[in-house]
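Here is the structure we will look at, set down as structure tokens.
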Ligand SMILES: [Zn+2]
């Protein structure tokens, strides 16, 4: 660990030596900017340091540029508000992109003229393949933005964040999505929408994987969590957070034929819905401690199969196989919606990229991006 740190510091020193004093002063200034509540005195101090580094004239022009950049950069663009969307249909991600890396590739490796390179950067939108690929240069994983670029060591200010919102198509989201897209700024294609064709099954398994990652299977509360997620996916219009706050238990109703009802701190689900929930719980936990844990305790696959057959669930959803493995496959097709078509819409927020391109335009000619 210590070695790594030392190496990192060394690299930093090296990269600082390799660059102009201008950049040093820049980074010092940035540090000063980064401090949340800087006093007027410390501000002055940070600024008074610069003239020592270079000539007065240069420092003055740099100060002006930095001022104007700060004005442009602040405040950082807000995230889109997707709170009206059903939570289970929306996924948010983010990629960082090092503009210094891109600049270097464009101007040094591809030999693009600076103007052309800037134009390319301004027009750039990641493809679906890039969104799904492992993070590689010039992309940076969301958690490491405050660090310098891991590839070229450029200061973190050269890392543009690309927030990405994925919305699953469907009755519950289509109108909301259209309204949202209509409301977004059209300037310079600040937002780009990409469409991906998929199947219901694909969406279901991705959703299952995503919520499984968020759950702690060693904490018994996960069963409630997964139940809430599933019901929210199934009936997105209900505020399940509220229902689950009120309900201390989830029961199989003897009265209801379909749907659910809340009664005195208990959440009653129609038998078919309850059994479906058991299946989801089983799926989430089946790789955990040899078997799937459900509201009714731990089931092996054959046990679950017999349980669902006995309750009439298998018959109700048209699963006739006598073999638990085959039955599970058919159940999954039923549960997920199978091959029915579905679309994912990716809204990519390019505003920081455009801001970054502006900053590059100011600084790139003198190699400030390096
Ligand atoms: Zn970089």
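Residue numbers (my numbering): -18 to 351. Glycine included, C-beta positions come from ideal geometry on N, C-alpha and C.
Inter-residue spacing [alpha-carbon to alpha-carbon] between residue i and residue j
i, j, result
"residue 297", "residue 315", "11 Å"
"residue 19", "residue 332", "Low local confidence applies: a pLDDT of 44 at residue 19 is under 50, so the model's placement there is unreliable, with the coordinate-based value given in what follows. Taking the straight line joining both Cα atoms gives about 27 Å."
"residue 240", "residue 111", "41 Å"
"residue 324", "residue 252", "31 Å"
"residue 169", "residue 337", "13 Å"
"residue 265", "residue 58", "37 Å"
"residue 294", "residue 256", "7 Å"
"residue 246", "residue 205", "14 Å"
"residue 262", "residue 91", "52 Å"
"residue 75", "residue 237", "43 Å"
"residue 139", "residue 61", "22 Å"
"residue 193", "residue 214", "14 Å"
"residue 178", "residue 326", "9 Å"
As assigned by DSSP and simplified to three states, the class of residue i
i, result
"residue 71", "strand"
"residue 180", "strand"
"residue 211", "helix"
"residue 217", "coil"
"residue 277", "coil"
"residue 261", "helix"
"residue 82", "helix"
"residue 252", "helix"
"residue 66", "coil"
"residue 283", "helix"
"residue 305", "helix"
"residue 202", "coil"
"residue 294", "helix"
"residue 337", "helix"
"residue 59", "coil"
Selection from the options that minimises the alpha carbon distance to residue i
i, options, result
"residue 202", "274, 61, 292, 92", "274"
"residue 328", "107, 259, 95", "107"
"residue 209", "289, 303, 258, 152", "258"
"residue 191", "42, 326, 72", "72"
"residue 233", "220, 287, 206, 250", "250"
"residue 290", "226, 305, 176, 94", "305"
"residue 200", "269, 114, 217", "269"
"residue 225", "117, 207, 236", "207"
"residue 118", "155, 79, 156", "79"
"residue 142", "131, 198, 93, 77", "77"
"residue 309", "282, 211, 173", "282"
Cβ-heavy atom distance, residue i to ligand 1, below 7 Å
i, result
"residue 135", "yes"
"residue 120", "no"
"residue 81", "yes"
"residue 146", "no"
"residue 327", "no"
"residue 132", "yes"
The segment 307 to 325 / the segment 182 to 198 touching (three or more Cβ pairs under 8 Å): Counting C-beta pairs with one atom in each stretch, the segment 307 to 325 and the segment 182 to 198 have three or more that are closer than 8 Å, which means they touch.
The segment 131 to 139 / the segment 76 to 86 touching (three or more Cβ pairs under 8 Å): Contact between the segment 131 to 139 and the segment 76 to 86 is present, because at least three Cβ pairs lie under 8 Å.
Validate contact between the segment 139 to 158 and the segment 60 to 80 using beta carbons, cut 8 Å, 3 pairs: Enough Cβ pairs lie closer than 8 Å, so yes.
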